[in-house]
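Residue numbers (my numbering): -3 to 322.
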Ligand code: HEC
Ligand code: HEC
Ligand code: HEC
Ligand code: HEC
Ligand code: HEC
Ligand code: HEC
Ligand code: HEC
Ligand code: HEC
Ligand code: HEC
Ligand code: HEC
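Printed below as a string of structure tokens:
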């Protein structure tokens, strides 16, 4: 017995040492291993945007009137590095008479290296600064999948397409939700995917604020935020999405159950009386992940079936501990 325990400790110690050695390697994302390519040609120097313009008048005009044209020009006082801020130093490319292999090209470059080129400037910002921790980055989505500095389809934010079409182009599985009878009016342009999600964000589900704390919902539904003297506990502890689907549903109020009664009883198990007596817990709706609350002591006779008829202020109340009144 004693020997066996020592063996356990030994195995444990070895595991800890091995993990400690390997952890930094695991933590480093493979994409980050490659240093950002700063122009394909080593030893090249900056020649200035006017030189580029000589052969790339179209590209110059495209950039000139965008925030990149303005900002970079302004910041530097000259147009010196407008193009080369993104494409790397261009002297070798120019000397080679426009040798494509001697300039940083976005086409054909790995997503992580593309984003690195943009993050050289945008990496300090609150929003894009988290991009490397986002689901998008970690799944090979690059800045240029959504933005085009030269030929944006949507001038605002230099996007390759308007939202929500931009998002649907990859998330086609989400699209049907917004055509359901009850939905956030995203297609109608009243609510945007980016009201709730940050395309650059690091939070779970790339939400602007974590779903559990529901700050993302309170931005518009501040009336539900309270504080209430009597809060309905799951609103605070589980969050809105324990009862509502966020995108759209076939059920009124986008509730997760068509039948409100079943939604309530999914947590408020009606086997309350027997639970105290029984060794096994009453069967609950396991798809609702929440602690077991007290049941309604009142019976389940006909007149009690429409729970909201009496418990009308379901998110919380300042006057009624059972949410009868506001
Ligand atoms: C903000 C970064 C950025 C700046 C500034 C920039 N480019 Fe680009 N360039 C890109 C990206 C990204 C692409 C890939 C195509 C796209 O997504 O628009 C590209 C593509 C190109 C191409 C390939 C042809 C094409 O249209 O796909 C040329 C040529 C080019 N740029 C030249 C220039 C010149 C000249 C300047 C300066 C006037 C310049 N670029 C400034 C980011 C930039
Ligand atoms: C002497 C003329 C000349 C000058 C100056 C010049 N280029 Fe080019 N560039 C070319 C030619 C020619 C090509 C090749 C076009 C092709 O093969 O399709 C090219 C290609 C490129 C490409 C790749 C386009 C692609 O199809 O992916 C980029 C990016 C680019 N140039 C950027 C620049 C930048 C930035 C500057 C300024 C530092 C610059 N060029 C200056 C002539 C020039
Ligand atoms: C999945 C699509 C997507 C990707 C990938 C993406 N963006 Fe964006 N970006 C957007 C959308 C949509 C907006 C406008 C709405 C908003 O503010 O979120 C935006 C806004 C911006 C803005 C202006 C507003 C702000 O937040 O400052 C900047 C700058 C920006 N993006 C830079 C980048 C850079 C740099 C990268 C890569 C590191 C990147 N984006 C990757 C979709 C994307
Ligand atoms: C040389 C630094 C620099 C680089 C490199 C750079 N940007 Fe920018 N970018 C800026 C500045 C400065 C602004 C304007 C000020 C601002 O909005 O932050 C800007 C603005 C933007 C905006 C907002 C446009 C708007 O309408 O408000 C987007 C989107 C953007 N950049 C995307 C990119 C992408 C994508 C890349 C890489 C292909 C990139 N940037 C590379 C400096 C840079
Ligand atoms: C170029 C393709 C592409 C575009 C465009 C795109 N996404 Fe994504 N998105 C992905 C990929 C790939 C993932 C990784 C997980 C997956 O496959 O769902 C992802 C993940 C997400 C996630 C997290 C999903 C999860 O399970 O955690 C959200 C939320 C999201 N995207 C929202 C958006 C929004 C909002 C837009 C529009 C502004 C957008 N995406 C545009 C490709 C894209
Ligand atoms: C009203 C806020 C809101 C809007 C608007 C919204 N989402 Fe979401 N989205 C959420 C929440 C909250 C979740 C997390 C759901 C969960 O984890 O239970 C989510 C989850 C997702 C996921 C992860 C997969 C899934 O179904 O759970 C993707 C992808 C996604 N949203 C994309 C989009 C796209 C694309 C748009 C615009 C067409 C959009 N969302 C509009 C709040 C919103
Ligand atoms: C315990 C389940 C539950 C939780 C958690 C919950 N809701 Fe509700 N919500 C309901 C029910 C049931 C209704 C229907 C009320 C009615 O029809 O009278 C409703 C209705 C709504 C409505 C439409 C009617 C109204 O009262 O304005 C909105 C908006 C709403 N909820 C938002 C939220 C938000 C935001 C959260 C998170 C802060 C949330 N809900 C959390 C059960 C819940
Ligand atoms: C950008 C603002 C905005 C955000 C953020 C937002 N909502 Fe809404 N929500 C609305 C608007 C506007 C309506 C009314 C839509 C209508 O009349 O069709 C609505 C309606 C609702 C309804 C009632 C739908 C019905 O059938 O009556 C529920 C439930 C709801 N939202 C839940 C949520 C939840 C949960 C979140 C967070 C994940 C959230 N909302 C985030 C704007 C928002
Ligand atoms: C996600 C699980 C969940 C759902 C769904 C849910 N509840 Fe609750 N409810 C709770 C929890 C937890 C409490 C806290 C008090 C407790 O432990 O019983 C509570 C408390 C209550 C109370 C106050 C009890 C008291 O004396 O403090 C009432 C009344 C109530 N719920 C009614 C409802 C109704 C009606 C519905 C359906 C619209 C519903 N609940 C849906 C989990 C839930
Ligand atoms: C006809 C009105 C009415 C309807 C309908 C109704 N209740 Fe109640 N409920 C009450 C009353 C009255 C109380 C006790 C209030 C008190 O003790 O102050 C109560 C109390 C509760 C409590 C608190 C714990 C307890 O038993 O005292 C819960 C939980 C509850 N109800 C859930 C539900 C659920 C779930 C439904 C729908 C299946 C529902 N109620 C339908 C009137 C109603």
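We put the beta carbon where it would ideally sit given N, CA and C, even for glycine.
DSSP-derived helix/strand/coil call for residue i
i, result
"residue 320", "coil"
"residue 313", "strand"
"residue 94", "coil"
"residue 258", "helix"
"residue 178", "strand"
"residue 244", "strand"
"residue 301", "coil"
"residue 307", "coil"
"residue 186", "coil"
"residue 80", "helix"
"residue 161", "helix"
"residue 150", "strand"
"residue 88", "helix"
"residue 193", "strand"
"residue 169", "coil"
"residue 227", "strand"
"residue 143", "strand"
Residue of the options minimising C-alpha distance to residue i
i, options, result
"residue 300", "261, 314 and 103", "261"
"residue 141", "129, 128 and 155", "155"
"residue 138", "115, 148 and 153", "115"
"residue 265", "292, 306, 87 and 236", "292"
"residue 263", "228, 78 and 246", "228"
"residue 99", "86, 199 and 41", "86"
"residue 248", "178, 64, 127 and 66", "178"
"residue 316", "226, 251, 239 and 306", "226"
"residue 135", "117, 157 and 108", "108"
"residue 223", "322, 127 and 239", "322"
"residue 80", "45, 94 and 253", "45"
"residue 126", "143, 203 and 173", "203"
"residue 295", "55, 251, 257 and 96", "257"
"residue 200", "298, 67 and 132", "132"
"residue 163", "152, 151 and 182", "182"
Contact belief for residue i with residue j at Cβ below 8 Å, rounded distance in angstroms
i, j, result
"residue 231", "residue 312", "6 Å"
"residue 330", "residue 236", "Any answer about residue 330 is impossible in this case: the structure gives the chain only from -3 up to 322."
"residue 241", "residue 190", "Contact doesn't hold; Cβ gap of about 19 Å is too wide."
"residue 196", "residue 187", "Actually they are not in contact, since the Cβ atoms of residue 196 and residue 187 sit about 19 Å apart, beyond 8 Å."
"residue 330", "residue 82", "Lying before the first or after the last residue shown, residue 330 is absent from the chain, which here runs from -3 to 322."
"residue 157", "residue 149", "5 Å"
"residue 319", "residue 310", "6 Å"
CA-to-CA distance, residue j to residue i, given in whole angstroms
i, j, result
"residue 47", "residue 113", "21 Å"
"residue 130", "residue 255", "37 Å"
"residue 89", "residue 39", "11 Å"
"residue 175", "residue 106", "35 Å"
"residue 92", "residue 243", "54 Å"
"residue 205", "residue 193", "8 Å"
"residue 60", "residue 198", "32 Å"
"residue 303", "residue 118", "51 Å"
"residue 329", "residue 246", "As displayed, the chain neither begins before -3 nor continues past 322, which places residue 329 out of reach and without an answer."
"residue 63", "residue 259", "50 Å"
"residue 78", "residue 65", "7 Å"
"residue 172", "residue 57", "40 Å"
"residue 221", "residue 94", "60 Å"
"residue 184", "residue 122", "29 Å"
Residues proximal to ligand 2 by C-beta, any heavy atom closer than 6 Å:
Of all residues, those with a beta-carbon under 6 Å from at least one heavy atom of ligand 2 are 43, 47, 48, 50, 51, 52, 79, 80, 83, 86, 89, 90, 93, 94, 96, 99, 101 and 103, reported in chain order.
Name all residues in chain order for which at least one heavy atom of ligand 5 lies closer than 6 Å to the residue's CB.
What you get when you keep residues with a C-beta closer than 6 Å to any heavy atom of ligand 5 is 131, 132, 135, 137, 141, 142, 159, 162, 163, 165, 166, 167, 189, 190, 193, 195, 201 and 202.
Which residues have a Cβ closer than 5 Å to any heavy atom of ligand 8, listed in chain order?
Residue selection by CB proximity (closer than 5 Å to any heavy atom of ligand 8) returns 178, 187, 191, 213, 215, 216, 236, 240, 242, 249 and 250 in chain order.
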